[in-house]
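**Q** Please read through the structure below; I'll follow up with questions.
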Amino acid sequence: MKMEMNYEKMGKSRVSKEINRGAWTAEEDRKLAEVIAVHGPKKWKTVAAKAGLNRCGKSCRLRWLNYLRPNIKRGNITDQEEDLILRLHRLLGNRWSLIAGRLPGRTDNEIKNYWNSHLSKKLDPNQKPPRRAARKGGSRRPVEKETQLVESTRREVRDQRTPVTVAAATTSEGDEPSYPSFHCEADDDFFDFSNESALNWEWVSRFIEFNQLHHQA
DNA sequence: AACACTGCCAACCGCCGGGAT
DNA sequence: TATCCCGGCGGTTGGCAGTGT
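Going by full-length UniProt numbering, the letters in the first sequence line up with residues 1 to 217, in that order.
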């Protein structure tokens, strides 16, 4: 279902005299991949310069992470992946990069897109699509209630290492999400994602068991 | 056939945190 | 300590493809 990039059709948008914007060409992809193969995916400004790309470092990074990086999984999101996204979103909110870290081969951008176009509608069919929102440069990164709760909870867990109240957002049909609490014997490891590989499915299993347990309760 | 609308996805924008100086 | 710079992140948008009328 994934669209193959049509370089000719996409290449005409967002043109600037300063730096290249818009869709990447096959040639740009090739140059970027070559430089990263030699210097590694870091120092993006340098990478952009070495590749001779008239692109900003950010753009190179994004292109690499979302498209050129090895082990990117192409194709539809499976039912298992969708289920996992839903569960992780319930726990983490719009922390797409964290969610993506639990789905090997999937990018945060892909998951975010999938959420916005599929899952958000599933959860709330009456919701207006986010598309064409009347905003340009408005308030960015609003701190969501849910995210705040999760973050504070994670801090709490780290600090106290004791049984804590964990906020878990649940959404009932047509309602605003509610935030019931439940107790868990959580420890650092459970919430600390920093040292784990994306392929660590054990964590996922633990989370799902944990999640199911407390949904039954 | 022509037009309008919707779905989808790549890519951009601006904010923020952290490291470097 | 203050400032600057860069990378990471999430929100948003542009534009093509597909579908409906």
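We put the beta carbon where it would ideally sit given N, CA and C, even for glycine.
Between which residues of its own chain and K58 is the CB-CB distance below 8 angstroms, once the five residues before and five after are set aside?
**A** Hits under 8 angstroms: W44.
**Q** Quick one: residues in its chain with C-beta nearer than 7 angstroms to the C-beta of L65, no 5 flanking neighbours on either side, listed in chain order?
**A** Counting only Cβ-Cβ distances below 7 angstroms, and skipping sequence neighbours, we find T107.
**Q** Check whether the Cβ atoms of G52 and K73 sit closer than 8 angstroms, and answer yes or no.
**A** Not in contact: G52 and K73 (Cβ atoms no closer than 8 angstroms).
**Q** Select from E81, R95 and L103 the residue whose C-alpha is nearest the C-alpha of N71.
**A** Closest option to N71, Cα to Cα, is L103.
**Q** Kindly list the residues whose CB is nearer than 6 angstroms to the CB of A48, restricted to its own chain and excluding five residues on each side of it in sequence; keep chain order.
**A** Taken in chain order, the residues that qualify are R55, G57 and C60.
**Q** For I77, count the other beta carbons within 10 Å of its own beta carbon; 16 or more makes it buried, fewer makes it exposed. Which is it?
**A** Answer is buried; the Cβ neighbour count reaches 16.
**Q** The alpha helix (DSSP H) spanning R30 covers which residue range?
**A** Here the alpha helix (DSSP H) through R30 covers A26 to H39.
**Q** Mark residue 225 as exposed unless 16 or more other C-beta atoms lie within 10 angstroms of its C-beta, in which case mark it buried.
**A** Residue 225 lies beyond the stretch modelled for the chain, which goes from 1 to 217, so this question has no answer here.
**Q** Mapping the DSSP letters down to three states, classify I113 as helix, strand or coil.
**A** Checking the displayed sequence, the identity of residue 113 turns out to be Asn instead of Ile. In this structure, N113 counts as helix in the three-state DSSP scheme.
**Q** Mind reading off the beta-carbon distance from I85 to L62? Whole number of angstroms is fine, and I expect it under 8 angstroms.
**A** In fact, because the Cβ distance is near 21 angstroms, the residues do not count as touching under 8 angstroms.
**Q** Would you identify the three-state DSSP class for K122, choosing helix, strand or coil?
**A** Helix.
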